[in-house]
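Whatever position you read off the sequence shown (first residue = 1), add 48 for the numbering used here.
C-beta atoms are modelled at their ideal positions from N, C-alpha and C, and glycine is treated no differently.
Structure record follows, encoded as structure tokens.
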Amino acid sequence: MLLRFRVENHRSLRDEQELSLVAASLSDESRGLIELDKKDSLVPVAAIYGANASGKSNVIHALEFMRLAVADSHRSWSPEGPIPRDPFALAPTGTDAPTLLEVDFRVARVRYRYGFVVDSQRVLEEWLYAWPSGRRQLWFARDVDETPHFQFGKHLKGENRVIQNVTRPNSLFLSAAAQNNHPQLTPLY
Numbered sequence: 049m050l051l052r053f054r055v056e057n058h059r060s061l062r063d064e065q066e067l068s069l070v071a072a073s074l075s076d077e078s079r080g081l082i083e084l085d086k087k088d089s090l091v092p093v094a095a096i097y098g099a100n101a102s103g104k105s106n107v108i109h110a111l112e113f114m115r116l117a118v119a120d121s122h123r124s125w126s127p128e129g130p131i132p133r134d135p136f137a138l139a140p141t142g143t144d145a146p147t148l149l150e151v152d153f154r155v156a157r158v159r160y161r162y163g164f165v166v167d168s169q170r171v172l173e174e175w176l177y178a179w180p181s182g183r184r185q186l187w188f189a190r191d192v193d194e195t196p197h198f199q200f201g202k203h204l205k206g207e208n209r210v211i212q213n214v215t216r217p218n219s220l221f222l223s224a225a226a227q228n229n230h231p232q233l234t235p236l237y
């Protein structure tokens with residue numbers, strides 16, 4: 049279940065934008081909301097509205113790009129090829145600025161936050177956090193300065209280092225983990 053989606057530098061979305069399905073805390077009746085727990089509820093429907101050519105469709109396109117990156121980056125993207133992203137073209141820095149995509153979601157009553165930052169050649173950052181008992185747990189984090197650096201939390205079991213070694217610079221660790229049947233990450237994939 050999607051809670052939030054955040055995007056920056058995708059098509060016409062130069063600056064960070066967030067689509068949130070988390071209901072505002074109102075004193076009104078909460079009828080019709082999807083209750084997650086005692087403190088959080090979701091709206092059952094969201095609308096994106098604005099003027100023509102204001103980026104409404106690009107929010108959906110960014111969410112679709114993220115889905116395809118997780119599903120296909122390890123299996124289908126060319127090992128030597130660029131990342132097929134669509135950055136904001138009119139920025140002063142051109143298309144060199146990285147693209148950020150992040151989702152908060154729930155699976156089996158556990159909240160997760162997964163995201164990544166990419167440029168046209170490689171994954172610069174990637175992270176996954178979980179809140180299985182209300183406290184944040186790092187499952188993995190990846191960043192690139194000169195060489196890729198992976199950090200794995202103690203709660204992520206499995207062949208993490210083996211999968212790290214087969215993860216290409218231009219593919220996502222989550223995608224590689226699912227392709228290699230990682231027991232904890234495949235359900236999130």
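Q. Out of curiosity, what's the CA-to-CA distance linking Glu66 and Gln185?
A. On the sequence shown, position 18 is the one that residue 66 refers to. On the sequence shown, position 137 is the one that residue 185 refers to. Glu66 and Gln185: Cα-Cα distance of roughly 23 angstroms.
Q) Would a C-beta distance cut-off of 9 angstroms place Ala225 and Gly201 closer than the cut-off? A) Within the sequence shown, residue 225 is the residue found at index 177, counting from 1. Within the sequence shown, residue 201 is the residue found at index 153, counting from 1. Contact flag unset, no.
Q: Check the C-beta distance from Leu220 over to His122 and give it rounded, since I have them as a contact under 8 angstroms.
A: Position 172 of the sequence shown holds residue 220. Position 74 of the sequence shown holds residue 122. Right, their Cβ atoms sit about 7 angstroms apart.
Q) How many angstroms separate the CA atom of Arg133 from the CA atom of Glu112? A) Indexing the sequence shown from 1 puts residue 133 at position 85. Indexing the sequence shown from 1 puts residue 112 at position 64. Approximately 11 angstroms, taken between the alpha carbons.
Q) So Leu61 packs on Asn106, CB below 8 angstroms; how close in whole Å? A) Taking the sequence shown and counting its residues from 1, one reaches residue 61 at position 13. Taking the sequence shown and counting its residues from 1, one reaches residue 106 at position 58. At roughly 5 angstroms, the Cβ-Cβ gap stays under 8 angstroms, so Leu61 and Asn106 are in contact.
Q: Apply the 10 Å Cβ neighbour rule to Gln199 and answer buried if 16 or more other Cβ atoms are within range, or exposed otherwise.
A: Taking the first residue of the sequence shown as 1, we reach residue 199 at position 151. Gln199 should be labelled exposed.
Q) At what residues does the beta strand (DSSP E) containing Arg51 begin and finish? A) Within the sequence shown, numbered from 1, the residue matching residue 51 stands at position 3. In the sequence under discussion, the amino acid at residue 51 is Leu, which differs from the Arg named in the question. Counting along the chain, the beta strand (DSSP E) containing Leu51 begins and ends at 50-56.
Q.
With H, G and I counted as helix, E and B as strand and the rest as coil, what does DSSP make of Ile131?
A. Within the sequence shown, numbered from 1, the residue matching residue 131 stands at position 83. Collapsing the DSSP output to three states places Ile131 in coil.
(Q) Taking 6 angstroms as the limit between beta carbons, can you name the residues of its chain near Thr147, skipping five residues before and five after? (A) Within the sequence shown, the letter at position 99 stands for residue 147. So the qualifying residues of the chain are Asn57, His58, Arg133, Pro135, Val166.
Q. So Ala226 is in the alpha helix (DSSP H); what residue range does that whole segment cover?
A. As a working mapping, residue 226 is identified with position 178 in the sequence shown. Taken as a continuous stretch (DSSP letters only), the alpha helix (DSSP H) holding Ala226 covers 221-227.
Q. So is Ser223 buried or exposed if we call it buried at 16+ other beta carbons inside 10 Å?
A. What you label residue 223 is simply residue 175 of the sequence shown in a count that begins at 1. Buried, by the Cβ-count rule.
Q | When Ser181, Pro127, Leu149 are compared against Asp85, the one with the closest alpha-carbon | A | Mapped onto the sequence shown, residue 85 falls at position 37. When each option's Cα is compared against that of Asp85, the closest is Ser181.
Q) Does the Cβ-Cβ distance between Arg79 and Gly163 come in under 9 angstroms? A) Translated into positions along the sequence shown, residue 79 becomes position 31. Translated into positions along the sequence shown, residue 163 becomes position 115. The Cβ atoms of Arg79 and Gly163 lie no closer than 9 angstroms to each other.
Q) So, helix, strand or coil for Asp144, using DSSP? A) Position 96 of the sequence shown holds residue 144. Here Asp144 sits in helix by DSSP.
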